[in-house]
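Peer 1: For the sequence shown, position 122 (counting from the first letter as 1) is numbered 123 according to the working numbering, and the numbering increases by one without interruption.
All C-beta atoms, glycine included, are put in the ideal place defined by N, C-alpha and C.
These figures come from a predicted structure and were not determined experimentally.
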Amino acid sequence: MTLPKLPTFFISHGGGPWPWMKTQTQGVYDQTEAFLKGLPASIGQPVKAVLMVSAHWEEPAFTLQSHPQPGMLYDYYGFPAHTYEIKYPAPGSVALAEQVHGLIAGAGLPAALDAQRGFDHGAFVPMAVMYPEAQMPMVQLSLKLGLDPAEHLALGRALAPLREQGVLILGSGFSFHNLRMYGPAAKAPSAQFDAWLQQTLVHGPVDQRSAALVAWERAPAARLSHPREEHLLPLMVAVGAAESEASTCVFFEESPLCTISSHRFG
């Protein structure tokens with residue numbers, strides 16, 4: 002059944018298991034939390050399932066979780082002991098995983114299924130804020146090794162039909178991701194790169210957006226903002242799935258650590 006077309010999103014998911022560390026973070030993520038809490042209602046129409054493209058999973062082929070009840074993957078280090086006991090028991094969807102596998106393979110892209118992979122923090126952290134009851138089905142989809150932006154845009158194009166089936170495509174990464182630079186040193190480069198993002202995604206011509214993203218390394222402070230681009234590539238997927246549609250910046254924050262933003266397409 003064809004439903005009203007859902008938007009796609011690129012969200013910055015924050016650092017580590019921050020929703021379970023409010024004493025330690027002391028309000029740093031208050032704005033992020035408010036944005037994520039309000040995101041489902043902002044869509045304005047029902048969501049049947051979430052397809053989550055997390056920056057924290059890379060495989061030789063675009064790979065989908067195919068377990069009906071995925072476990073947990075605590076892919077962070079040096080955090081308090083209780084953050085390794087977090088449970089986010091959202092159901093998976095074997096049917097959705099198989100459908101998406103077919104869409105990807107049908108587009109001539111490498112595709113695989115993984116029945117063992119659990120939810121990593123790029124997925125369960127934002128989902129726990131957005132859907133705290135853990136009842137929304139979620140399937141994670143990996144990035145592809147090599148991190149070719151054109152391939153990830155092509156992946157998004159292959160996923161576009163899902164938007165008319167109630168599947169919310171979320172790219173979960175970070176608009177600025179240089180762990181060695183967080184703090185005062187990040188203020189200028191993160192602002193420069195985010196200004197390029199805003200111009201490219203929101204204010205620039207839609208028909209030139211994909212080409213600009215393929216050449217993202219030419220952006221101001223690009224490699225200072227993303228020494229390795231795995232946290233930027235989920236953006237390409239979100240854009241590819243709504244390639245001809247306008248973008249809106251739905252979250253923007255200038256903090257003492259850096260400037261970050263999140264975006265909606267369609």
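(1) Taking C-beta to C-beta, are Val-140 and Leu-97 nearer than 9 Å?
(2) So is Tyr-132 buried or exposed if we call it buried at 16+ other beta carbons inside 10 Å?
(3) I need the straight-line Cα distance from Val-196 to Ala-222, nearest angstrom please.
(4) Do His-153 and Val-51 have their C-beta atoms within less than 9 Å of each other?
(5) Once the 5 residues before and after Gly-225 are set aside, which same chain residues still bring their CB inside 8 Å of it?
(6) Can you tell me which of the three DSSP states Met-139 falls into?
(7) Tell me which residue opens and which closes the beta strand (DSSP E) that Trp-58 is part of.
(8) According to DSSP, is Leu-74 part of a helix, a strand, or is it coil?
(9) Cβ atoms of Ser-143 and Glu-230: under 9 Å apart, would you say?
(10) Roughly how many angstroms lie between the CA atoms of Glu-254 and Asp-149, to the nearest whole one?
(11) Could you tell me which residues DSSP pairs with Glu-255 in its beta bridges?
(12) Starting from the Cα of Thr-201, find the closest Cα among Ala-62, Trp-217, Ile-44 and Gly-93 and give me that residue.
(13) Where do the ends of the beta strand (DSSP E) carrying Gly-174 lie?
(14) Check the DSSP bridge columns for Ile-87 and list the partner residues they point to.
(15) Between His-68 and Asp-76, what straight-line distance do the alpha-carbon atoms span, to the nearest angstrom?
(16) Could you spell out where the beta strand (DSSP E) holding Ser-13 opens and where it closes?
(17) Count Cβ pairs between the stretch 158 to 172 and the stretch 3 to 18 that sit closer than 8 Å; are there 3 or more?
(18) For the alpha helix (DSSP H) containing Ala-159, list its first residue and its last residue.
Peer 2: By the coordinates alone:
(1) yes
(2) Per the 10 Å Cβ criterion, buried.
(3) It should be noted that the sequence gives Ala, not Val, for residue 196. Rounded to whole angstroms, Ala-196 to Ala-222 spans 10 Å at the Cα level.
(4) no
(5) One detail in the question is off: residue 225 reads as Leu in this sequence, not Gly. Cβ neighbours of Leu-225 beyond the five flanking positions: Asn-179, Met-182, Pro-190 and Phe-194.
(6) strand
(7) 50 to 60
(8) coil
(9) no
(10) 28 Å
(11) Thr-260
(12) Trp-217
(13) Here the beta strand (DSSP E) through Gly-174 covers 168 to 174.
(14) Per DSSP, none; premise fails for Ile-87.
(15) 19 Å
(16) 9 to 13
(17) yes
(18) It spans 150 to 160 - the alpha helix (DSSP H) in which Ala-159 sits, taken as one unbroken run.
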